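Chemist: The structure's right below; bear with me while I get my questions together.
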């Protein structure tokens, strides 16, 4: 569904991505792992055209989205939705207005239909009945769930998760992990999860891609990552910094 | 300041003007090609126009009153009391009304626009808009631009009207100038060309305020520090641009609308 060919990205003076090559297959849940600052979120934002490649190509359903103008990306963004790290809810709108936003933008005007679809999306993320709340009155985990409801309400074919469990307590993290799996089964979507959380990776992934120094360092199943003897991968999986007290 | 840093400053300024021009052209493209969001437009008219009235009325009213008093003190020495009304009216329309309204709106509305859009930028709400297939220019910039282009000339008119009414009150009731002479000289010397000049300036200043503020908001970086900086810079830059551009605009418009015609 998504192909990345020799992707380079420079932000300011920093060469973040240095020739990334990867494929995201339709229907799979692919986890992109890597240390903080290795370019995972930068890579993810290329999949939906929020960032333009410095060089290389990003193809969504064989269409090079790097060559498209902002106004031409609308069709791609109907296929691919993203859950931002912070949820990125519109803070002047209620939960219901946030989730209804993509529907209204798509031209849905029937209030009953909007209300039903918002309720259904909230039910899918286990937040039924929270329509009237303002984002400021939600916890971090709830914001991410509402953000996810806003993403899935228009039924994209692919959902991108940018650090979905960062900043959450272990129970909220586990709950979000189950939610990702459940949505994948229920909606049959392609999912790309960017994280540095090993629990999230092993719980949700069909396939894991490990980014290191701006390139794909490892690609394989969670079991293959676990079994790898590569010191870089082992240090990451075990959480070893190599420093001593 | 050495030549290098002077060159860097000049290049930075040219780049800034270029960015403003790009924002302006993108806004024109959006107005021409994308549907206008009338609900957001009405909300912005209320926010930037209707709610700016008090500050504009107070500014215009007291400026007209004090300007009438100061002019009277000078003109009284040469027995030209009745010319006070004309001087105040022409000055209010041509300079004080538009400039003071522009500065007040830059402070109230420009700061609010930059802070709101800046907060949306650093909290990824603008990326969220884009990810949902909504162009930020269509959703954020166009409604604010149209609202300010409509509201600003009306606010300028309001400010000028209040300034002139205040000067009539001060001139005739406080300074005891003959009401008939005061108003007849005012009507004789202040006319359609002065009002046109006020409206054109209001229109131009609206563009300065809205594009500077939106540009600052859309380019906000560095979290809370950036959000704090965006409105300050928006107010400072738009105020300076209003004052500088007003100088050249006065010269240009005076060719089209000479005083006293």
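Residue numbers (the numbering used here), protein chains in the order written: chain A, 29 to 273; chain B, -11 to 249.
A virtual CB, placed ideally from N, CA and C, is assigned to each residue, including glycine.
Bear in mind that the values here come from a model prediction, so they are computed numbers and not experimental data.
1. Please report the straight-line C-alpha distance between residue 70 of chain B and residue 186 of chain B, rounded to a whole angstrom.
2. Would you mind telling me which residues of chain A sit closer than 7 Å to residue 256 of chain B, beta carbon to beta carbon, in chain order?
3. I need the straight-line Cα distance from residue 86 of chain A to residue 40 of chain B, nearest angstrom please.
4. What does the Cβ neighbour count give for residue 112 of chain B, buried or exposed, with the cut at 16 atoms within 10 Å?
5. Name, in chain order, the residues that DSSP records as bridge partners for residue 239 of chain A.
6. For the segment 48 to 113 of chain B, list the beta strand (DSSP E) runs that are entirely contained and at least 3 residues long, ordered along the chain.
7. Which residue wins for smallest C-alpha separation from residue 31 of chain B, given the options B:214, B:135, B:144?
8. Can you check whether the C-beta of residue 64 of chain A is within less than 8 Å of a C-beta belonging to chain B?
9. Once the 5 residues before and after residue 260 of chain A are set aside, which same chain residues still bring their CB inside 7 Å of it?
10. So, under 8 Å CB-CB, residue 106 of chain B and residue 215 of chain B are touching, yes? Tell me the CB distance rounded to an integer number of Å.
11. Let me check one thing: in DSSP terms, what residues is residue 169 of chain B bridge-paired to?
12. To the nearest angstrom, how far is it from the Cα of residue 242 of chain B to the Cα of residue 80 of chain A?
13. When the distance is taken between beta carbons, is residue 59 of chain B closer than 8 Å to residue 76 of chain B?
14. Strictly by DSSP, which residues pair up with residue 186 of chain A?
15. So, does the CB of residue 80 of chain A fall closer than 8 Å to a CB anywhere in chain B?
16. Have a look at B:132, B:139, B:11 and flag the residue whose alpha-carbon is nearest the alpha-carbon of residue 189 of chain B.
17. Consult DSSP for residue 161 of chain A and reduce its assignment to one of helix, strand or coil.
18. Flag residue 74 of chain B as yes if its beta-carbon sits less than 8 Å from any beta-carbon of chain A, otherwise no.
19. Could you pull the DSSP bridge partners for residue 36 of chain A from this structure?
20. For residue 226 of chain B, which of helix, strand or coil comes out of DSSP?
21. Who are the near neighbours of residue 176 of chain A in its chain, counting only those whose CB is closer than 6 Å to its CB and skipping five residues on each side?
22. Could you please tell me which residues of the segment 106 to 120 of chain B, in chain order, have their CB closer than 7 Å to any CB of chain A?
23. I'd like to confirm the pairing. Which residues does DSSP put opposite residue 61 of chain A in its beta bridges?
24. Under 8 Å between C-beta atoms, does residue 213 of chain A make it to chain B?
25. According to the Cβ coordinates, are residue 93 of chain A and residue 188 of chain A closer than 8 Å?
26. In chain order, what residues of the same chain have a beta carbon less than 6 Å from the beta carbon of residue 174 of chain B, not counting five sequence neighbours either side?
27. To the nearest angstrom, report how far apart residue 238 of chain A and residue 136 of chain A are at their CA atoms.
28. Just how far apart, CA to CA, sit residue 96 of chain B and residue 163 of chain A?
29. Any Cβ of chain B within less than 8 Å of the Cβ of residue 105 of chain A?
30. Rounding to the nearest angstrom, what Cα-Cα distance links residue 243 of chain A and residue 205 of chain B in this structure?
31. Report the residue from B:21, B:148, B:231 whose alpha carbon sits nearest the alpha carbon of residue 100 of chain A.
32. Considering Cα atoms alone, identify which of B:177, B:178, B:155 is closest to residue 167 of chain B.
33. Using DSSP with H/G/I as helix, E/B as strand and the rest coil, what is residue 192 of chain B?
34. Counting Cβ pairs closer than 8 Å, one from the segment 215 to 226 of chain A and one from the segment 58 to 71 of chain A, do we hit at least three?
35. Give the single residue among A:171, A:88, A:170, A:38 whose Cα lies nearest to the Cα of residue 51 of chain A.
36. Contact defined as beta carbons within less than 8 Å: I believe residue 146 of chain A pairs with residue 181 of chain A. What is the distance between those atoms, to the nearest angstrom?
Modeler: On the basis of the coordinates in this document:
1. As a first step, residue 70 of chain B must be located in the second chain, where it is residue number 82. As a first step, residue 186 of chain B must be located in the second chain, where it is residue number 198. Approximately 23 Å, taken between the alpha carbons.
2. As displayed, chain B neither begins before -11 nor continues past 249, which places residue 256 of chain B out of reach and without an answer.
3. Numbered from its first residue, the first chain carries residue 86 of chain A at position 58. Numbered from its first residue, the second chain carries residue 40 of chain B at position 52. Distance between the alpha carbons of residue 86 of chain A and residue 40 of chain B is about 47 Å.
4. Along the second chain, one-based indexing puts residue 112 of chain B at 124. When all chains shown are included, residue 112 of chain B counts as buried.
5. To locate residue 239 of chain A, count along the first chain from 1; it is residue 211. According to DSSP, residue 239 of chain A bridges with A:244.
6. none
7. Here residue 31 of chain B refers to the residue found at position 43 of the second chain. That would be B:135, whose Cα lies nearest to the Cα of residue 31 of chain B.
8. Looking up residue 64 of chain A in the first chain gives position 36. Answer no: the Cβ-Cβ gap between residue 64 of chain A and chain B never drops below 8 Å.
9. Counted from its first residue, the first chain places residue 260 of chain A at position 232. Excluding sequence neighbours, residue 260 of chain A sits near 240, 245.
10. Taking the first residue of the second chain as 1, we reach residue 106 of chain B at position 118. Taking the first residue of the second chain as 1, we reach residue 215 of chain B at position 227. Confirmed, Cβ separation roughly 5 Å.
11. Along the second chain, one-based indexing puts residue 169 of chain B at 181. Answer is none; residue 169 of chain B lacks a bridge partner.
12. For the purposes of this step, residue 242 of chain B is taken as the residue at position 254 of the second chain. For the purposes of this step, residue 80 of chain A is taken as the residue at position 52 of the first chain. Going from the Cα of residue 242 of chain B to the Cα of residue 80 of chain A covers about 48 Å.
13. In the second chain, residue 76 of chain B corresponds to position 88, counting from 1. In the second chain, residue 59 of chain B corresponds to position 71, counting from 1. Contact: yes.
14. The count along the first chain starts at 1 and reaches residue 186 of chain A at position 158. Answer is A:108, A:218, bridged to residue 186 of chain A.
15. As a position in the first chain, residue 80 of chain A is number 52, starting the count at 1. For residue 80 of chain A, the answer is no, since every Cβ of chain B falls outside 8 Å of its Cβ.
16. Stepping through the second chain from its first residue, residue 189 of chain B is reached at position 201. It is B:139 whose Cα lies nearest to the Cα of residue 189 of chain B.
17. Start at 1 with the first residue of the first chain, and residue 161 of chain A comes out as number 133. Coil.
18. On the second chain, position 86 is the one that residue 74 of chain B refers to. Chain A, which has no Cβ nearer than 8 Å to the Cβ of residue 74 of chain B, makes this no.
19. One-based indexing of the first chain puts residue 36 of chain A at position 8. Paired residues: A:46, A:83.
20. By 1-based counting over the second chain, the position of residue 226 of chain B is 238. Of the three classes helix, strand and coil, the one that applies to residue 226 of chain B here is helix, per DSSP.
21. Locating residue 176 of chain A in the first chain gives position 148, counting from the first residue. For residue 176 of chain A, where only same-chain residues beyond five positions count, the Cβ hits under 6 Å are 111, 153.
22. 111, 112, 113, 115, 116, 118, 119, 120
23. For this step, residue 61 of chain A is matched to residue 33 along the first chain. For residue 61 of chain A, which the question treats as bridged, DSSP gives the partners A:223, A:238.
24. The residue given as residue 213 of chain A occupies position 185 in the first chain. No, its Cβ sits nowhere closer than 8 Å to a Cβ of chain B.
25. On the first chain, residue 93 of chain A is found 65 positions in, with the first residue counted as 1. On the first chain, residue 188 of chain A is found 160 positions in, with the first residue counted as 1. No, the pair does not count as a contact, with Cβ atoms beyond the cut-off.
26. Start at 1 with the first residue of the second chain, and residue 174 of chain B comes out as number 186. The residues are 73, 74, 77.
27. What you label residue 238 of chain A is simply residue 210 of the first chain in a count that begins at 1. What you label residue 136 of chain A is simply residue 108 of the first chain in a count that begins at 1. C-alpha separation (whole angstroms): 40 Å.
28. Walking along the second chain from the start, residue 96 of chain B turns up at place 108. Walking along the first chain from the start, residue 163 of chain A turns up at place 135. Approximately 26 Å between the Cα atoms of the pair.
29. What you label residue 105 of chain A is simply residue 77 of the first chain in a count that begins at 1. Judged by the 8 Å Cβ criterion, residue 105 of chain A is in contact with chain B.
30. As a first step, residue 243 of chain A must be located in the first chain, where it is residue number 215. As a first step, residue 205 of chain B must be located in the second chain, where it is residue number 217. Whole-angstrom Cα-Cα distance: 34 Å.
31. Mapped onto the first chain, residue 100 of chain A falls at position 72. Cα-wise, what sits closest to residue 100 of chain A is B:21.
32. Here residue 167 of chain B refers to the residue found at position 179 of the second chain. Looking at the Cα atoms, B:155 is the closest of the given residues.
33. Stepping through the second chain from its first residue, residue 192 of chain B is reached at position 204. Of the three classes helix, strand and coil, the one that applies to residue 192 of chain B here is helix, per DSSP.
34. yes
35. Translated into the one-based positions of the first chain, residue 51 of chain A becomes position 23. Nearest of A:171, A:88, A:170, A:38 to residue 51 of chain A, Cα basis: A:88.
36. Your numbering for residue 146 of chain A matches position 118 in the first chain. Your numbering for residue 181 of chain A matches position 153 in the first chain. That pair is a contact at about 7 Å.
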